[in-house]
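K.L.:
First the structure, then my questions, so here it is.
Numbering (our numbering), first residue to last: 173 to 488.
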């Protein structure tokens, strides 16, 4: 089985399986900057349109097959089945080989066994979505994380945080003037970052559904990244470039990470007026280097427009 980095996801765009332009996105005729695409058969498709959506998905996969498969530089392609019953059917489609994996909606300990039985194709990666009331209980999340590690850890790219569903379970909706961190998600996201992150899982950030406030999206992305989240769901193509720009690594962090992982790094050293300790910062450095590999580096500019690079100061 191939290995997929969670940082390869970038901005993840969900598109209903009923859309007629899915093939254009898969082959980058549309949205060439997109890193990952989810063809949705769940919330984005009405009950009366399920058969149409499944037929359209089959047409998409047949067209990909007719072209000899997806191109290597196209977006990652995932399908979100409606439930484990639908997933079991899709799991056995021969053409599902053209999909990287499934997004698992509303995963809990109660339905985990059904999903394990449904998605038996070892080539399909999984991105479980945490979006039920159980998510507010850290004990339940510890239990779920342990169960996922036991049987599915090698197939899980990342866990997705379903912010809208979680807010909905409380009868709440985001205030358009604040980030999600000013809501009960300000408890949930740090808790999940700790509980699931400490078990080795990457997590992606909830969608930002306000299209008229890109500056606020930028603020929320800064908080997402500060909590170690590796990507973010995009509600609209206009958000893709901003999300992926924010995921770029600062030059200062890149230089610091390179020094920390160096075989000749001192036990403690100073870099740009910050103390670095490889014994405690090594995992952070590895993640920074992986993020930079996928998203690149932001080079700061001085007031005169020239790039500025600060040199490392290592204490011997």
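Backbone N, C-alpha and C define an ideal beta-carbon position, used for all residues, glycine too.
1) Given that a residue counts as buried once 16 or more other Cβ atoms are within 10 Å of its Cβ, and exposed if not, what is residue 411?
2) Taking the continuous beta strand (DSSP E) assigned at residue 208, which residues delimit it?
3) Curious, which full-length beta strand (DSSP E) runs of at least 3 residues does the stretch 301–337 contain?
4) With residue 333 and residue 364 assumed to form a contact (beta carbons below 8 Å), what rounded beta-carbon distance in angstroms separates them?
5) Would you mind working out which of 181, 250 and 178 sits nearest residue 187, comparing C-alpha positions?
6) Counting only the same chain and skipping the five closest in sequence on each side, list residues whose C-beta sits under 7 Å from that of residue 478.
7) Applying the 10 Å Cβ sphere with the 16-neighbour rule, what's the burial state of residue 467?
8) So, are the CB atoms of residue 397 and residue 178 less than 8 Å apart?
9) Assign residue 142 to one of three DSSP states: helix, strand, or coil.
10) If you compare alpha carbons, which of 215, 382 and 194 is closest to residue 209?
11) What three-state label does DSSP hand residue 248 in the structure shown?
12) What are the boundary residues of the beta strand (DSSP E) that residue 184 is part of?
13) If you compare alpha carbons, which of 425, 270 and 232 is closest to residue 445?
14) Between the C-alpha atoms of residue 342 and residue 190, what's the straight-line distance to the nearest angstrom?
15) With distance defined between alpha-carbon atoms, name the residue in 261, 243, 203 and 236 nearest to residue 226.
16) What separation, rounded to the nearest whole angstrom, lies between the Cα atoms of residue 256 and residue 472?
17) Going by other Cβ atoms of all chains shown within 10 Å of its Cβ, with 16 needed for buried, is residue 282 buried or exposed?
18) Determine the DSSP secondary structure at residue 471, reduced to helix, strand or coil.
19) Beta carbon of residue 182, beta carbon of residue 388: below 8 Å?
20) From the DSSP output, read off the bridge partner residues of residue 375.
21) I'd like to confirm the pairing. Which residues does DSSP put opposite residue 422 in its beta bridges?
22) Where do the N-terminal and C-terminal ends of the alpha helix (DSSP H) with residue 230 fall, by residue?
23) Would you call the CB atoms of residue 214 and residue 277 closer than 8 Å?
24) Just the Cα atoms here: how many angstroms apart are residue 218 and residue 360?
25) Using the C-alpha atoms, what's the distance from residue 196 back to residue 242?
26) Using alpha carbons as the reference points, say which of 310, 430 and 308 lies closest to residue 456.
27) Is residue 484 helix, strand or coil when you go by DSSP?
28) To the nearest angstrom, how far is it from the Cα of residue 382 to the Cα of residue 206?
29) Apart from the five residues on each side of it in sequence, which residues of its chain come closer than 6 Å, Cβ to Cβ, to residue 485?
30) Which two residues bound the contiguous beta strand (DSSP E) that contains residue 358?
P.N.:
The structure says:
1) For the purposes of this step, residue 411 is identified with residue 239 of the chain shown, where counting begins at 1. By the neighbour-count criterion, in which 16 or more other beta carbons inside 10 Å mark a residue as buried, residue 411 falls on the buried side.
2) As a position in the chain shown, residue 208 is number 36, starting the count at 1. Note, residue 208: beta strand (DSSP E), 208–212.
3) List check, beta strand (DSSP E) in window: 331–333.
4) Taking the first residue of the chain shown as position 1, residue 333 is located at position 161. Taking the first residue of the chain shown as position 1, residue 364 is located at position 192. Rounded to the nearest angstrom, the Cβ distance from residue 333 to residue 364 is 6 Å, consistent with a contact under 8 Å.
5) Reading the chain shown from its first residue, position 15 is the one you call residue 187. It is 250.
6) As a working note, residue 478 is residue 306 in the chain shown. Any reading at residue 478 needs caution, since the residue's pLDDT is 48, under 50, leaving its predicted position unreliable; the model's value is listed next. The answer is none, since no qualifying residue turns up.
7) For the purposes of this step, residue 467 is taken as residue 295 along the chain shown, with counting starting at 1. Buried, because 16 or more other Cβ atoms sit within 10 Å of the Cβ of residue 467.
8) Position 225 of the chain shown holds residue 397. Position 6 of the chain shown holds residue 178. No, these two residues do not count as a Cβ contact at 8 Å.
9) Here the chain has residues from 173 to 488 only, and residue 142 is not among them.
10) The residue labelled residue 209 in the question sits at position 37 within the chain shown. It is 194 whose Cα lies nearest to the Cα of residue 209.
11) On the chain shown, residue 248 is found 76 positions in, with the first residue counted as 1. Reduced to three states, the DSSP call for residue 248 is strand.
12) Residue mapping note: residue 184 aligns to position 12 of the chain shown, counting from 1. First-last of the beta strand (DSSP E) with residue 184: 183–188.
13) The residue labelled residue 445 in the question sits at position 273 within the chain shown. It is 425.
14) As a first step, residue 342 must be located in the chain shown, where it is residue number 170. As a first step, residue 190 must be located in the chain shown, where it is residue number 18. Computed Cα separation, rounded: 30 Å.
15) Here residue 226 refers to the residue found at position 54 of the chain shown. Here the closest residue by C-alpha is 261.
16) Start at 1 with the first residue of the chain shown, and residue 256 comes out as number 84. Start at 1 with the first residue of the chain shown, and residue 472 comes out as number 300. Straight-line Cα distance between these residues: approximately 47 Å.
17) Reading the chain shown from its first residue, position 110 is the one you call residue 282. It counts as exposed.
18) In the chain shown, the residue the question calls residue 471 occupies position 299. Secondary structure of residue 471 (DSSP, three-state): coil.
19) Taking the chain shown and counting its residues from 1, the one referred to as residue 182 is at position 10. Taking the chain shown and counting its residues from 1, the one referred to as residue 388 is at position 216. Cβ atoms of residue 182 and residue 388: not closer than 8 Å.
20) Position 203 of the chain shown, counted from the first residue, corresponds to residue 375. The partner list for residue 375 (beta bridge, DSSP) reads 331.
21) Here residue 422 refers to the residue found at position 250 of the chain shown. Residue 422 pairs with 470.
22) Indexing the chain shown from 1 puts residue 230 at position 58. 222–238 is the span of the alpha helix (DSSP H), which, as asked, contains residue 230.
23) The residue you call residue 214 lines up with position 42 of the chain shown. The residue you call residue 277 lines up with position 105 of the chain shown. Result yes, Cβ atoms of residue 214 and residue 277 sit closer than 8 Å.
24) Residue 218 sits at position 46 when you count from the first residue of the chain shown. Residue 360 sits at position 188 when you count from the first residue of the chain shown. Each residue's alpha carbon lies about 29 Å from the other.
25) Sequence index remark: in the chain shown, residue 242 carries index 70 (1-based). Sequence index remark: in the chain shown, residue 196 carries index 24 (1-based). Each residue's alpha carbon lies about 11 Å from the other.
26) Residue 456 sits at position 284 when you count from the first residue of the chain shown. Selected option, being the one with the closest Cα: 430.
27) Within the chain shown, numbered from 1, the residue matching residue 484 stands at position 312. Note on residue 484: pLDDT 43, under 50, position unreliable in the model; the coordinate value appears next. Note: residue 484 maps to coil in three-state DSSP.
28) Residue numbering aside, residue 382 sits at position 210 when the chain shown is read from its first letter. Residue numbering aside, residue 206 sits at position 34 when the chain shown is read from its first letter. Computed Cα separation, rounded: 20 Å.
29) Here residue 485 is taken as the residue at index 313 of the chain shown, counted from 1. Since pLDDT at residue 485 reaches only 39, below the 50 mark, its modelled position is unreliable, and no value is offered.
30) The count along the chain shown starts at 1 and reaches residue 358 at position 186. Segment 357–367 is the alpha helix (DSSP H) holding residue 358; no beta strand (DSSP E) there.
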